[in-house]
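Participant: Numbered according to the numbering used here, the sequence shown terminates at residue 643, and the numbering increases by one at each position without gaps.
There's a structure below that I have some questions on.
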Amino acid sequence: MRDIIVQEILIKSLTRLYEMDYDNIRFGVSERNICARLAHHMENLMRKYDQLNGVECFKGYFADVEYNRMGNGDLKHYENSAHLPVYMVSDLLIQKRGYGRNLLAVEMKRKGNRRHAAEDRERVKSLVSPLGNYEEDPRCVHDTLVGAFIEYSKDGVLLELYENIEGKGVMKDVIELVYTKDANVLFQP
């Protein structure tokens, strides 16, 4: 499932984002807009993937931007490095709305925007980590399948992928995608 999320949904959605919404990136439209457009492409690809493959991998899942609630309306939290719950609003989640396992957590930054980048990475690491103190505070989100920190610019994307490795959220891969104006395409060099 990890490869499907990364290759078939995340990378293909980023490719569509650059094909269809490049002017928003080029003109410096807000990160929220870029994130919302990415979520739009993700959700379309999720539905298409299930339909084309005759599966229900993404049935009941949504690509939500700036989502901050649990199943009964409680605020979502992540567990910080001191193992304390911290209120969170994720840039983008592929999730079952409620208490189900998230498939993807995304934090996005325009290249050069270092504001809160360290906190965003800490949040992604926490979201992919196993349960931790979950029994003590069920508001904290854990065990997300894949986390992504995305730095985007008019020249392309630097994608850091995080996973649970031996009980910790760890950066597993870094993928660079380069945009070429001539072909209007985002590709992996």
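Heads up, the beta-carbon is just placed ideally off N, CA and C, and yes, glycines get one too.
Could you check whether N618 and P643 sit closer than 8 Å to each other, using their CB atoms as the reference points?
Facilitator: Their beta carbons are not under 8 Å apart, which means P643 does not touch N618 by this criterion.
Participant: Between which two residues does the alpha helix (DSSP H) harbouring L471 extend?
Facilitator: Segment K466 to M474, the alpha helix (DSSP H) holding L471.
Participant: Is it a yes or a no for the region 596 to 614 touching the region 564 to 573, going by three-plus beta-carbon pairs under 8 Å?
Facilitator: Verdict: yes, contact present.
Participant: Hey, is T469 close to the ligand PLP, as in C-beta under 7 Å from one of its heavy atoms?
Facilitator: By its list of ligands, the structure shown contains no ligand whatsoever, and the ligand PLP lies outside what it can speak to.
Participant: According to DSSP, what are the bridge partners of N522?
Facilitator: Answer is none; N522 lacks a bridge partner.
Participant: By a C-beta neighbour count over all protein chains shown, 10 Å radius and 16 as the cutoff for buried, is F603 buried or exposed?
Facilitator: Answer is buried; the Cβ neighbour count reaches 16.
Participant: According to DSSP, is E617 part of a helix, a strand, or is it coil?
Facilitator: It is a strand residue.
Participant: Rounding to the nearest angstrom, what Cα-Cα distance links I463 and V600 in this structure?
Facilitator: Looking at the two C-alpha atoms, the distance is approximately 12 Å.
Participant: Along the chain, where does the alpha helix (DSSP H) that runs through E485 open and close?
Facilitator: Run containing E485: E485 to N507, per the alpha helix (DSSP H) assignment.
Participant: Is the Cβ-Cβ distance between Y532 and C489 less than 8 Å?
Facilitator: The answer is no: Cβ separation not under 8 Å.
Participant: Look at E510 and D518 and say whether their C-beta atoms are less than 8 Å apart.
Facilitator: For E510 and D518, no; Cβs fall outside 8 Å.
Participant: Kindly indicate which three-state DSSP category A602 falls into: helix, strand or coil?
Facilitator: Reduced to three states, the DSSP call for A602 is strand.
Participant: Looking at the secondary structure, which residues open and close the beta strand (DSSP E) in which E630 lies?
Facilitator: Unbroken beta strand (DSSP E) run through E630: K622 to T634.
Participant: Taking L546 as the reference, give the member of E573, M496, L612 and S484 with the closest Cα.
Facilitator: If we check each option's Cα against that of L546, M496 comes out closest.
Participant: Just to check my reading of the structure: E667 and L615 have Cβ atoms closer than 8 Å, yes? What is that Cβ distance to the nearest angstrom?
Facilitator: Look at the range of the chain in this structure, 455 to 643, and you will see that residue 667 is not part of it.
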